[in-house]
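All remarks here apply to the structure that follows.
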Amino acid sequence: MISYSLPSRKRIKIVALILLCIGFVLPGKAQTGTQGIIPQPVKIKSDNITYVFSREFKIGLGPGISASNVTFFKDYIRLVRDIHKTTPFVNHKMAASNLWLQINPKRVSQPEGYTLEVKPHRITITGHDEAGVFYGLQSLVQLLDINKSEIAVKGYSITDYPRFAYRGMHLDVSRHFFDPQTIKKWIDLLALYKINTFHWHLTDDQGWRIEIKKYPLLQSVSAYRDETIIGHKKDSPHRFDGKRYGGYYTQDEVKDIVKYATQRHITVIPEIEMPGHALAALAAYPQLGCTGGPYKAATYWGIFDDVYCAGNDETFTFLQNVMDEVLPLFPSKYIHIGGDECPKTKWKACPKCQKRIKDEHLKDEKELQSYFIGRMEKYLNSKGRQIIGWDEILEGGLTPGATVMSWTGEEGGIAAAKQHHEAIMTPEKYVYLDYYQSLYPAEPLSGGGYTPLGKVYNYEPVTNELNGEEAKYIKGVQANAWSEYMASPAQAERQLFPRMLALAEVAWSPKQSKNYDGFLKRLRYHQPLLNLNINAAEVYDEITDSVAETADHQVALNLQTTLPGAKIFYTTDGTDPGVNAKEYGGPIIVASTGSIKAAVFMKDKQVGRVYEKSFTIHQAIGKTVTLKNQPQGGYNPGNTFGLVNGVFGSKLYNDGQWYGFSGDDLEAVVDLGSMQNVSKLGINILKYHWQKMWEPTLLTFEVSADGTNYTEVYRQTDFPDNGINAVRANIKIQQARYIRVKATNKGIIPPGEYIAGAKAWLMVDEIIVQ
Ligand code: TNX
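Numbering (full-length UniProt numbering), first residue to last: 1 to 770.
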């Protein structure tokens, strides 16, 4: 029986035809050759023999190996086999087998490890355990040469085992729902790349997605929202599609998916969010919120003040009853209880929560969060399970057996490991697959950050801040797929693949064998994504750039492509570049205002899309800038040149151009180096209240001859545009050497606004002097 998740040959042919017709060269895809394995094995040797698959291909299963291990392999062979349709036949005798599978923990000592030997007469996989045998098969799938009329595989000798025991992939099904068939298709992909944990984010503000029989309103009310925001949450005013949206997995569907995953050596960890991200549940059971409601499942993305009431015992009864139905469906040792992004505003004003703080002798609302998590942990421990929570469970103290999933940075994981708690590294900066993978303007709408393939690939989960003993508590690594901007399986696949393959290599391969160019070489030859009809993004070889300062303080644009042997051609006159344009041969000095367009070419054919960057060249370019307060977090480009480099931060706000000050003011002084005529001053201010980015309450420009005595020449208090506010002040022409820009941060986000009470970000870029 062929699994329905594999696409038909016809669809593959159509995909191949479309790829041929769109006229781009998809590097490697049309070529034959050694694909290599992703993730890179510990040891791999090849020789000159070739094993050709016979018509009656027989797979032999040694003792202890269940036939379910070969299901995917058999389906894949059937899918790609050109000349005949016979399904491989399974037996139990080595002598009668073309492919022999066996378990031998003495020969392979590492759990989940395997050896794979391709000899002229037989292929043999020896696993430490069944998982090892299974992973050997996944490697074999990736080595198959299917470009000829028969399937063949070169002679290989492989020894392989994982670096980390926990190799995870997360999927949010609350913001967007993916049907069981799609989930199974992706589970096949996880298995193919040796990821062994599927973290299933089942509940959130925008929808509750698992059937709980005791609480039928979770199905009829919480599983649906009235409508869904259109576009990015930062856009204002919010626009909606007016369409009711929802769905949930029945317990039978959940069981079926867990079984499907288990057969592929994948543990499914369910996440039931608490105490925050709970709006969908509160919509059905408003008595579980501090104010009693009414509540509605959220129709846009973000953080919401209404959370489970921590003072109400009924909340715990509800969550325990939910767990009583969840636990039998998921045999995993770990249960994820969320714990992230729980605003404390409602708890502060809630008499029940305040009484709980008093009765339990807690210091504050942070400790109340810790009490909440601890109470649920005790319950789950009594049922033989351990909890995992996002790093905010460190607030108010870690509960005894908690494993920390470190997402806001690496600090949470480091802190947990130092306290000898297990940690799983999932820092958003490196492994969030909802973030942009390309900064090209044509890139589909994504979350707020920038995590291109190379950044995911080069992430190192064990930081040198940990000593050898502490490092053992880093159990592994996971990539997260939050689905706000993944409305369809095709959109999700474009975000997940190939970045998930990079994560797989981080999780499995030895640290010393990691090599991004080597990974890309294997990726470009990689057949399975194409064969399995995965809508993988092909943008990784497109141009990336950096804007640098030359020794004489000019602006230099560096362009790169990771495609070996490719050339970059560019223009400065606004036309699209062809092979007759200028060939890029090193930094382009940008001396005048205008835009540079460029594209990658391989043997005279364009690869990917056209790159474009605009420059505004003005008097402050490359001049010394002194900042009173330093920019912070993801909005600290690490130098001041970006403020005077001629490149403006874009609406994406993730392009490394913006300087962000959380709660702090901007005070910048530009030294022009000499007295100069000045007639126009400018700055860009980014205002996205739904992204906590606020305009200043006051902006002033001042000029000075000596850097001590300043004269104010301009002030502005209104910044009406949602998005980029381009401040351009024409001033009375005068001589000055120093320009001072002051912008007063909004401070604390006011009541009634999104994330009221938090510090506002003041976002600025490019100080323009003309
Ligand atoms: C933060 S990561 C969240 C999610 C969002 C995500 C978007 C985490 C534990 N919480 O609720 O979907 O950012 O990137």
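All C-beta atoms in this analysis are idealised placements derived from N, C-alpha and C, irrespective of residue type, glycine included.
A Cβ-Cβ separation of about 14 Å leaves ILE187 out of contact with ARG167 under the 8 Å criterion.
For HIS361, the shortest separation between its Cβ and any heavy atom of ligand 1 does not lie below 7 Å.
Here HIS199 is buried, its C-beta having at least 16 other C-beta atoms within 10 Å. Distances between the C-beta of TRP407 and the heavy atoms of ligand 1 include at least one below 7 Å. Under DSSP, THR115 forms a beta bridge with THR126, THR159. Cβ-Cβ distances below 7 Å link LYS93 to GLY60 in the same chain, with the five nearest sequence neighbours on each side left out; the list follows chain order. The beta carbon of ASN91 is closer than 8 Å to those of LYS58, ILE59, GLY60, LEU61, SER97 in its chain, skipping five residues each way along the sequence. For LYS742, the enclosing beta strand (DSSP E) starts and ends at 723-744. Taken from the Cβ of TYR430, every heavy atom of ligand 1 lies 7 Å or farther away. Remark: the shortest separation between the CB of ASP172 and any heavy atom of ligand 1 falls under 7 Å.
At least one heavy atom of ligand 1 falls within 7 Å of the beta-carbon of HIS277. For a cut-off of 8 Å, the C-beta gap from SER220 to GLY207 is around 12 Å, too long to register as a contact.
For ASN480, the CB falls within less than 7 Å of some heavy atom of ligand 1. Residue nearest to LYS243 within the set TYR379, ARG225, SER46 is ARG225 (criterion: CA-CA distance). Under the three-state reduction of DSSP output, TYR436 falls in the strand class. CA-CA distance, VAL647 to GLU211, rounds to 51 Å. If the five residues before and after GLY293 are omitted, its C-beta is found closer than 7 Å to the C-beta atoms of LEU282, PRO286, all from its own chain and listed in chain order.
Annotated as proximal: ILE125 and LEU101, with beta-carbon spacing under 8 Å.
Taken in chain order, the complete alpha helix (DSSP H) segments of 4 or more residues contained in the region 33-110 are 71-80. The DSSP-derived three-state label of PHE134 is helix. Following the DSSP letters along the chain, one finds VAL647 in no alpha helix (DSSP H), marked with neither H nor E. The region 624-642 and the region 651-669 touch, with no fewer than 3 CB-CB distances between them shorter than 8 Å.
Taking a cut-off of 8 Å on C-beta distances, the region 381-393 touches the region 332-348, as three or more cross pairs fall below it.
Of the other Cβ atoms in all chains shown, 16 or more fall within 10 Å of the Cβ of GLU271; this residue is therefore buried. In the structure shown, MET486 adopts coil according to DSSP, grouped into three states.
Secondary structure of SER332 (DSSP, three-state): coil.
If you draw a straight line from the Cα of ASP765 to the Cα of VAL555, it is about 16 Å long.
By the criterion of a C-beta distance shorter than 6 Å, MET763 is surrounded in its chain by TRP658, GLY660, LEU686, MET693, once the five residues flanking it on both sides are discounted. Boundaries for ARG209: no alpha helix (DSSP H) harbours it, and the DSSP string shows neither H nor E there. Taking C-alpha positions only, ASP359 is separated from GLY246 by approximately 40 Å. Judged by their CB atoms, ASN312 and LYS352 are nearer to each other than the 8 Å cut-off. With contact defined as three or more Cβ pairs closer than 8 Å, the region 111-120 and the region 38-53 are in contact. Counting only unbroken stretches of 3 or more residues, the beta strand (DSSP E) elements lying wholly within the region 151-239 are 152-160, 166-172, 197-201, in sequence order. Short of 6 Å from the beta carbon of ARG715, and not among the five residues preceding or following it, lie these beta carbons of its own chain, in chain order: THR700. Straight across, the Cα-Cα distance linking PHE519 with LEU189 is about 17 Å. Comparing alpha carbon positions, the residue from ASP340, VAL133, ILE739, ALA95 closest to SER674 is ILE739.
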